[in-house]
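Undergrad: Let me give you the structure first, and then I'll get to my questions.
Put into structure tokens, the structure is as follows:
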């Protein structure tokens with residue numbers, strides 16, 4: 001810290017004598033630099049020390065106010081003015097130190113520029129990769145090429161989140177500990193990152209030639225089939241249709257991933273282990289996503305009068321039934337308008 | 001009746017003080033007349049706000065890149081509050097959801113656009129553009145005040161409004177960041193974000 005021009009008292013003997021050293025600085029036309037040596041163990045670089053300093057400043061103020069009547073006006077003003085300047089400088093140093101630390105941490109940990117090359121794609125490339133993810137290639141003697149990009153997989157995961165959210169809303173799912181959005185994001189990202197890591201670990205055990213990025217991209221594009229199946233079957237609730245799509249579309253995308261992995265693995269046991277695990281997890285995930293939010297939909301369809309009743313009814317329970325003549329209007333208007341119309345009719 | 005020309009005794013090239021404050025008026029200090037107008041000081045430029053609103057509302061109007069690069073959060077704030085207010089009219093008190101989703105969505109778009117563009121983009125610019133393009137969503141939620149959006153008409157209208165919002169947003173981003181040929185790649189994440197807003201409006 002900076003040294004002062006005038007010799008300041010080194011020892012702390014109390015509020016008055018300590019401050020008089022600084023007072024000399026002001027009234028003697030000294031420098032505007034603070035002598036921090038008089039302060040206790042403050043290095044100015046940790047918030048705890050700064051907090052202590054602020055606490056001490058506040059205590060000094062209380063002591064100074066208590067001793068105000070003993071001091072002359074000029075002295076008192078000089079001390080107050082300087083304390084204001086001191087606290088300003090301390091606050092400024094705190095801010096600078098905090099900003100330095102934060103920017104250092106940010107540039108170290110949040111440097112997303114390393115992911116920049118994986119987002120350099122054209123729309124035509126993404127479209128062709130989406131279509132190719134549904135077409136298994138039978139060539140297993142040479143390693144098949146995997147596109148190492150993250151834009152497509154990331155967008156597909158987000159699409160799956162959106163479809164899941166839509167499905168949860170139509171099936172009136174109530175999540176008790178958490179939010180719908182959090183559950184959807186957690187499920188989809190958890191699957192993508194978790195299963196990719198697990199299969200990468202198995203691939204390491206089975207000596208397969210695949211990198212983590214390639215595994216992420218492969219599994220991400222494999223979610224395209226899931227998105228299609230769930231989008232259709234959350235809107236058309238037929239079990240047979242779902243099983244058909246599960247086998248067909250889910251099976252195709254799984255076969256594609258399996259073919260790629262087989263082409264990059266040597267040895268029948270290893271191939272079986274790796275591909276069996278991936279196929280099982282992928283197909284079971286689609287099954288889980290469909291049935292986890294499905295039971296409630298069937299329940300509602302059985303008990304209520306139509307599929308277009310909004311899940312949140314705010315009308316009282318003993319409301320008389322809507323007359324048949326107004327049935328068309330009842331499906332067109334929303335809950336508020338219906339409640340109003342029923343209330344008007346009953347009066 | 002014209003008077004004979006009198007010699008000009010003023011000083012045309014030197015400004016003379018013509019305003020003398022009367023002693024009865026209180027003296028506010030030297031700064032009062034030198035202060036800029038309030039709106040200019042706050043950074044609210046109504047003309048630019050109107051230009052940006054028109055750019056959002058006309059899908060085919062070409063966006064001016066220089067205007068779009070300004071960080072103006074007054075308009076987006078008003079639009080978010082209007083969106084929350086129209087949801088309130090429909091009986092859904094979901095200001096918290098609007099705030100949370102817009103914050104997370106802006107953060108996500110900021111990261112994505114920084115990764116995809118050659119020049120970087122500031123968070124304020126992303127927040128400003130996404131906020132402006134929320135305007136058609138307000139039309140959707142005000143429609144939902146009276147009519148239910150869960151029929152076929154609602155589905156079509158929702159899809160149309162989402163497309164409109166994301167098309168405008170991607171158009172503005174493309175013009176501001178000079179990312180030609182990647183409009184679809186920018187439009188899709190915007191469509192997902194506005195789809196979540198539409199989900200709040202519909203359900």
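Chains as they are written, first to last, in UniProt numbering: chain A, 1 to 347; chain B, 1 to 203. We treat Cβ as the ideally placed atom computed from N, Cα and C, and that holds for glycine. Only a predicted model underlies this, so the values are computations on that prediction, with no experimental measurement involved.
Under 7 Å Cβ-Cβ, which residues of chain B neighbour residue 166 of chain A?
TA: Neighbours of residue 166 of chain A on chain B, chain order: 199.
Undergrad: Taking 8 Å as the threshold (C-beta atoms), are residue 189 of chain A and residue 157 of chain A in contact?
TA: Yes.
Undergrad: Run down chain A in chain order and give the residues with a C-beta less than 8 Å from the C-beta of residue 99 of chain B.
TA: By Cβ distance, chain A contributes nothing, its closest Cβ being about 13 Å from residue 99 of chain B, past 8 Å.
Undergrad: What do you get for residue 138 of chain A, buried or exposed, if any count of 16 or more other CB atoms within 10 angstroms of its CB means buried?
TA: Answer is exposed; the Cβ neighbour count stays below 16.
Undergrad: In terms of DSSP beta bridges, what is residue 46 of chain B paired with?
TA: According to DSSP, which records beta bridges pairwise, residue 46 of chain B is partnered with nothing at all.
Undergrad: Going by the CB atoms, is the gap between residue 218 of chain A and residue 114 of chain A shorter than 8 Å?
TA: Cβ atoms of residue 114 of chain A and residue 218 of chain A: not closer than 8 Å.
Undergrad: Given residue 98 of chain B, which residues of its chain have a CB within under 8 Å of its CB, disregarding the five upstream and five downstream residues?
TA: Taken in chain order, the residues that qualify are 80, 83, 84, 87, 197, 200.
Undergrad: Output needed in chain order: residues of the segment 123-139 of chain A with a Cβ under 8 Å from some Cβ in chain B.
TA: Result list: 123, 126.
Undergrad: So what does DSSP say about residue 142 of chain A, is it helix, strand or coil?
TA: Three-state DSSP puts residue 142 of chain A in coil, outside helix and strand.
Undergrad: Under DSSP, the alpha helix (DSSP H) around residue 104 of chain B begins and ends at which residues?
TA: Residues 95-116.
Undergrad: So, with DSSP's three-state summary, where would you put residue 119 of chain A?
TA: Looking at residue 119 of chain A - three-state DSSP - the assignment turns out to be helix.
Undergrad: For residue 243 of chain A, count neighbouring Cβ atoms within 10 angstroms of its own Cβ and tell me buried if that reaches 16, exposed if not.
TA: Counting Cβ neighbours within 10 Å, residue 243 of chain A comes out exposed, since fewer than 16 surround it.
Undergrad: Pick from A/248, A/237, A/202, A/223: whose alpha carbon is nearest that of residue 269 of chain A?
TA: Residue A/202 is the option with its Cα nearest to residue 269 of chain A.
Undergrad: Answer with yes or no whether the minimum CB distance from residue 151 of chain A to chain B is below 8 Å.
TA: Yes, residue 151 of chain A counts as interfacial toward chain B.
Undergrad: Mapping DSSP to helix, strand and coil, what is residue 82 of chain B?
TA: Here residue 82 of chain B sits in helix by DSSP.
Undergrad: What residue range does the alpha helix (DSSP H) around residue 153 of chain A cover?
TA: Element bounds for residue 153 of chain A: 151-170.
Undergrad: On the three-pair Cβ rule with 8 Å, is the segment 244-258 of chain A touching the segment 172-183 of chain A?
TA: Cβ pair count under 8 Å is below three, so no.
Undergrad: Contact between the segment 98-107 of chain B and the segment 160-177 of chain B: three or more CB pairs below 8 Å?
TA: No, because fewer than three Cβ pairs between the segment 98-107 of chain B and the segment 160-177 of chain B fall closer than 8 Å, the two stretches do not touch.
Undergrad: Any beta carbon from chain A within less than 8 Å of residue 138 of chain B's own beta carbon?
TA: So no, residue 138 of chain B is outside the interface.
Undergrad: Please classify residue 275 of chain A: does DSSP put it in a helix, a strand, or coil?
TA: Note: residue 275 of chain A maps to helix in three-state DSSP.
Undergrad: Go ahead and pull the three-state DSSP assignment for residue 173 of chain A.
TA: Note: residue 173 of chain A maps to coil in three-state DSSP.
Undergrad: In angstroms, rounded to a whole number, what distance separates the CA positions of residue 58 of chain A and residue 82 of chain A?
TA: So the alpha carbons of these two residues sit roughly 14 Å apart.
Undergrad: Within the same chain, show all residues whose beta-carbon is closer than 8 Å to that of residue 185 of chain B, passing over the 5 residues directly before and after it, in chain order.
TA: Result list for residue 185 of chain B: 116, in chain order.
Undergrad: Name, going along the chain, the residues of the segment 211-240 of chain A whose beta-carbon falls closer than 9 Å to a beta-carbon of chain B.
TA: Under the 9 Å Cβ criterion, the segment 211-240 of chain A contributes no residue.
Undergrad: Exposed or buried, what is residue 92 of chain A when buried is set at 16 or more other beta-carbons lying within 10 Å of its beta-carbon?
TA: That one is exposed.
Undergrad: Does residue 61 of chain B come out as helix, strand or coil in the three-state DSSP assignment?
TA: Coil at residue 61 of chain B, not helix or strand.
Undergrad: Could you check what DSSP says for residue 92 of chain B in three-state terms: helix, strand or coil?
TA: Correct three-state label for residue 92 of chain B: coil.
Undergrad: I'd like to know whether the C-beta of residue 159 of chain A is nearer than 8 Å to at least one C-beta of chain B.
TA: By this cut-off, residue 159 of chain A is an interface position.
Undergrad: Can you give me the start and stop residues for the alpha helix (DSSP H) that residue 233 of chain A sits inside?
TA: That run of the alpha helix (DSSP H) goes 212-233.
Undergrad: Tell me the DSSP secondary structure of residue 73 of chain B in three-state form.
TA: Residue state, collapsed to three classes: coil.
Undergrad: Quick check: what's the CA-CA separation for residue 143 of chain A versus residue 264 of chain A?
TA: Straight-line Cα distance between these residues: approximately 5 Å.
Undergrad: Flag this pair as touching only if the segment 112-129 of chain B and the segment 141-159 of chain B have three or more C-beta atom pairs under 8 Å; answer yes or no.
TA: Judged by Cβ distances under 8 Å, the segment 112-129 of chain B makes no contact with the segment 141-159 of chain B, as fewer than three pairs qualify.
Undergrad: If you run the structure through DSSP and keep just helix, strand and coil, what is residue 288 of chain A?
TA: In the structure shown, residue 288 of chain A sits in a helix (DSSP, three-state: H, G or I).
Undergrad: Taking 8 Å as the threshold (beta carbon to beta carbon), is residue 189 of chain A in contact with chain B?
TA: Answer no: the Cβ-Cβ gap between residue 189 of chain A and chain B never drops below 8 Å.
Undergrad: For residue 119 of chain A, which residues in chain B fall below 7 Å Cβ to Cβ?
TA: The contacting residues are 115, 116.
Undergrad: Can you name the residues of chain B whose CB is closer than 7 Å to the CB of residue 115 of chain A?
TA: Per Cβ cutoff of 7 Å: 115.
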